[in-house]
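In mature numbering (1 follows the signal peptide of the UniProt record, and there is no 0), the protein residues as written are -27 to -1, 1 to 93. A short write-up of the structure that comes next.
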Amino acid sequence: MHKFMAQIKNMVALTLFALVLSSCSNASESDDIFGRWVMTEVVYDDGSVNQLEAGNFVDINADTITEVIKDHGSRQYPYTRQDNVLTLTADDEQITWQILSEATHRLEVATPIGKYKLTR
């Protein structure tokens, strides 16, 4: 009986350990894009490129995305994330951003406007 209880304790401990590890890895994956990103260029659907000067950025936190476009102001959107799809809410409209590539200092996102190239 004592040996059986020890096995159950070990299984419970291993299960809890696995749950903690998986929740940590999921949290870090979604947190990777948090922070301020400098918008360096926008590539439009027709292939034309708009090289942006300093002062344009996207700020991503846990529940909002803020776009700051020089000479146009800023807009803040609540959003949700499902894998590589960000769904922003603007008034009553749902806007989809697709993460195309993600690295520590580089992020490319397909938006309805075009492909945002972001760095930090």
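Backbone N, C-alpha and C fix where the C-beta goes; we use that ideal spot for every residue, glycine too. As the structure is a computational prediction, the values presented were derived from the model and not from experiment.
In the structure shown, the three-state DSSP call for Glu26 is coil. Counting along the chain, Ala83 sits inside the beta strand (DSSP E) bounded by residues 79 to 83. Closest in C-alpha terms to Asp19, from the list Pro51, Arg93, Lys88, comes Lys88.
Under the DSSP assignment, Ser21 falls outside any beta strand (DSSP E); it carries neither an H nor an E label. About 7 Å separates the Cβ atoms of Asn29 and Val41, confirming a contact at the 8 Å cut-off. Nearest in C-alpha terms to Thr53, of all of Tyr17, Asn34, His45, is Asn34. Out of Lys43, Ile86, Arg79, Ile68, the CA that lies nearest to the CA of Val58 is found in Ile68. Closest in alpha carbon position to Thr62, among His45, Leu25, Thr39, is Thr39.
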